[in-house]
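Enquirer: No gaps in the numbering here: position 253 of the sequence shown is 403 in our numbering, and each next residue is one more. Glycine residues also receive a C-beta, built at the ideal position from the N, C-alpha and C atoms.
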Amino acid sequence: MKIPILPGFQASSFKKYLLNTGWIMGARVGSIVIKTIVSVFALPNYLGASGNGILHYPLVLVTFFTAASALGLDSFVTRELLVAPEKNGKILGTAFCLRLIAGLICLPLIFLCYLIISKIAPTPPATPFTYIAIVSTLCVSQAIHIIDCFFQAKIMGKISLYAQVGANLLSAGIKLTLIYLQAPISIFIWSLALDGVILAIFYTTLYQRVSPGLKHWSFDWQLAKNLLKKSWPLAFSSLAILIYMKIDQLMIEAYLGENTLGIYTTVVQLSEGWYFIPMALVTALFPAIMHARKENLPLYEKRMQQLYQLMSIIGITLALFTTIAAPYIYQYLFKPEYYTATPILQIHVWGSVFMFLYVASGQYLIAEGYTNLALIRSVLGMVCNISLNLIWIPKHGMAGAAYATIITYMCSTLFIVFISKTRNQGLMLVKALFFIPILQKYIFISKR
151 MKIPILPGFQ ASSFKKYLLN TGWIMGARVG SIVIKTIVSV FALPNYLGAS
201 GNGILHYPLV LVTFFTAASA LGLDSFVTRE LLVAPEKNGK ILGTAFCLRL
251 IAGLICLPLI FLCYLIISKI APTPPATPFT YIAIVSTLCV SQAIHIIDCF
301 FQAKIMGKIS LYAQVGANLL SAGIKLTLIY LQAPISIFIW SLALDGVILA
351 IFYTTLYQRV SPGLKHWSFD WQLAKNLLKK SWPLAFSSLA ILIYMKIDQL
401 MIEAYLGENT LGIYTTVVQL SEGWYFIPMA LVTALFPAIM HARKENLPLY
451 EKRMQQLYQL MSIIGITLAL FTTIAAPYIY QYLFKPEYYT ATPILQIHVW
501 GSVFMFLYVA SGQYLIAEGY TNLALIRSVL GMVCNISLNL IWIPKHGMAG
551 AAYATIITYM CSTLFIVFIS KTRNQGLMLV KALFFIPILQ KYIFISKR
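#1: In chain order, which alpha helix (DSSP H) runs of at least 4 residues are fully inside the stretch 217 to 258?
#2: By DSSP, does P428 sit in helix, in strand, or in coil?
#3: Which residues in the same chain have their Cβ closer than 7 Å to the Cβ of Y480, if we skip the five residues on either side of it in sequence?
#4: Measuring only the C-alpha atoms, how far is H366 from F300?
#5: List the whole-angstrom C-beta distance separating S528 from Y425, where the pair is believed to meet the contact cut-off of C-beta under 8 Å.
#6: Between which two residues does the alpha helix (DSSP H) harbouring M127 extend?
#7: Are the CB atoms of I225 and G253 nearer to each other than 8 Å?
#8: To the nearest angstrom, how far is it from the Cα of P587 to the Cα of F504?
#9: From Q302 to K308, what distance separates their C-alpha atoms?
#10: Could you give the DSSP three-state label for T287: helix, strand or coil?
#11: Count the other CB atoms within 10 Å of the CB of V418; is the residue buried (16 or more) or exposed (fewer)?
#12: Measuring straight from C-alpha to C-alpha, what distance separates Y478 and G346?
#13: Is the CB-CB distance between A551 and Y394 below 8 Å?
#14: Just to confirm the assignment, what range does the alpha helix (DSSP H) spanning A476 have?
#15: Can we say the stretch 441 to 457 touches the stretch 559 to 573, given the rule of at least three CB pairs closer than 8 Å?
#16: With distances taken from CA atoms, which of L579, L470 and Y405 is nearest W500?
#17: Taking 8 Å as the cut-off, decide whether the C-beta atoms of A524 and P383 are in contact.
#18: How big is the Cα-Cα spacing for P274 and V580?
#19: Under 6 Å Cβ to Cβ from A350, same chain only, skipping five residues before and after it: list those, please.
#20: Is the Cβ-Cβ distance between S388 and A245 less than 8 Å?
#21: Assign V183 to one of three DSSP states: helix, strand, or coil.
#22: Looking at I260: is its Cβ nearer than 8 Å to the Cβ of V210?
#23: Can you name the start and end residues of the alpha helix (DSSP H) that L389 belongs to?
#24: Distance check for E230 and T467, CA to CA, integer angstroms please.
#25: Which residue wins for smallest C-alpha separation from Y508, given the options N376, S462 and E236?
#26: Considering Cα atoms alone, identify which of H441, Q358, L406 and Y207 is closest to L548.
#27: Quick one: what does DSSP say I588 is sitting in, helix, strand or coil?
#28: Mind reading off the beta-carbon distance from L378 to L248? Whole number of angstroms is fine, and I expect it under 8 Å.
#29: Can you look up E422 in the DSSP assignment and give me helix, strand or coil?
#30: I think G323 touches F352, with their Cβ atoms under 8 Å apart; what is that distance to the nearest whole Å?
#31: Given a cut-off of 8 Å on the beta-carbon distance, is the pair Y357 and I297 in contact?
#32: Quick test of your reading: P272 and A404, contact by CB under 8 Å. State the CB separation rounded to the nearest angstrom.
#33: Do you know whose CA, among L250, L205 and I541, lies nearest Q408's CA?
#34: Can you check whether the CB of T416 is closer than 8 Å to the CB of V190?
#35: Hey, out of K380, S421, F369 and L411, whose CA is closest to G201's CA?
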């Protein structure tokens, strides 16, 4: 069967990247479907809004630190593996050690953060400290996930599919079994920590089968310094992004209680469930975009514009679909106590349009070496989101948090319009948002 290609991509190269994209998308879709069934529907209905809020609070808090402990290494490790494949063991071993050390350092910081929140929040967290301690082990188990960079560099999206879907199937099976056995919430907390261990086992097992193995890993101080020097802006940028994506949940718990957090969590999961799409597409197409940058700058610009337009189309389509489907989702798939989330989801999901474009433009900043600029726009987004939530959550509740999300994503994405060296890319984002390239092409064809 002949595969249609996008303009600007060579047929052979496009098919290669499309195939890898297919495997990556397959992994993400499989993972998302499994997680959605269990985490978004089964668990909330079993635990109730209050129990769901208590379960997700430690996961949200620890997520900030797992992002920090990842050190922003993924993109640079993948690039190093592409440039020097003969040093795979040294590159992966060094990155693993760095992430492991960072994870261990994060553990006491998590505990300190929880204690500070308990002192300054309007109401203390309903989630006990022991739950935070259990889930914090994810900071350590995530270190071995650096293996995924090897799979991406070798265009082994199929292996990622096996690892992620296999781990999520096992994890989902465990949680469904716990629901059947009517386990208490404390056991589900342990299952969250177990998720990281299961995925680490899958990654390690599959890596051992397609490579020389972990025994060839080694640590190199000079390489560690180079990786940290390049990646630290992305590490802080990733942390800032997660803060403004997740901080609203902590603030909702602080101002409105764990019951409201449990309801709002379903909104976030349903809305952000689509975010795997831009991440998978960009991850798969990034090598092609980088190749064009080195050999053909006009083609590079063309590919970036096409990528932005693709993200805009997908984001708006999914937002429209979710807006229409929201009442039916909550009516038929959730208990009545969750029905108040329907209008909140219809608001929150429109932030995905800007998030799709944010992910795509983030790859441009990496390609051009503007990692400091990526950090600045992430920090500005974090400040914007925290400020808006502080004002709107007490006044407007969950709706205030949803509107704050949209405005934050929009400002963060379009920030590059106001920087001279990135203004051209920013204008390309605006054009994609309003379908200007498609309209121009349609008008041109009509005139002919």
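Expert: To lay it out plainly:
#1: You should have 224 to 233.
#2: In the structure shown, P428 sits in a helix (DSSP, three-state: H, G or I).
#3: The residues are Y488, Y489, A491 and T492.
#4: Whole-angstrom Cα-Cα distance: 14 Å.
#5: The distance from the Cβ of S528 to that of Y425 is about 16 Å, inconsistent with a contact at the 8 Å cut-off.
#6: The question about residue 127 has no answer, for the chain in this structure spans 151 to 598.
#7: Residue identity differs from the one stated: residue 225 is Ser in this sequence, not Ile. Cβ atoms of S225 and G253: not closer than 8 Å.
#8: Our two residues, P587 and F504, have alpha carbons roughly 18 Å apart in a direct line.
#9: Each residue's Cα considered, the two are about 10 Å apart.
#10: DSSP places T287 in coil when its eight states are reduced to three.
#11: Buried is the call here.
#12: Looking at the two C-alpha atoms, the distance is approximately 33 Å.
#13: No, the Cβ-Cβ distance between A551 and Y394 is not below 8 Å.
#14: Residues L447 to L483.
#15: Touching, no, given that fewer than three Cβ pairs across the two stretches are closer than 8 Å.
#16: Minimum Cα-Cα distance from W500 among the listed residues L579, L470 and Y405 corresponds to L470.
#17: Result yes, Cβ atoms of A524 and P383 sit closer than 8 Å.
#18: For P274 and V580, the distance between alpha carbons rounds to 43 Å.
#19: Annotation for A350: S291 and I294 place their beta carbon closer than 6 Å to its own, counting only its chain and skipping 5 residues before and after.
#20: Contact: no.
#21: Looking at V183 - three-state DSSP - the assignment turns out to be helix.
#22: Result no, Cβ atoms of I260 and V210 do not sit closer than 8 Å.
#23: Segment W371 to L406, the alpha helix (DSSP H) holding L389.
#24: Roughly 36 Å between the two C-alpha positions.
#25: Answer by Cα proximity: S462.
#26: It should be noted that the sequence gives Met, not Leu, for residue 548. Per the Cα distances, L406.
#27: Residue state, collapsed to three classes: helix.
#28: About 7 Å separates the two Cβ atoms, so the contact holds.
#29: Looking at E422 - three-state DSSP - the assignment turns out to be helix.
#30: About 14 Å separates the Cβ atoms of G323 and F352, ruling out a contact at the 8 Å cut-off.
#31: Inclusion of Y357 and I297 in the CB contact set at 8 Å is warranted, their separation being smaller than that value.
#32: Contact holds; Cβ gap of about 6 Å.
#33: For clarity, residue 408 is Glu in the given sequence; the question names Gln instead. Ranking the options by Cα distance to E408, first place goes to L205.
#34: It is a contact, given that the beta carbons lie within the stated cut-off.
#35: Restricting attention to K380, S421, F369 and L411, the CA atom closest to the CA of G201 is found in L411.
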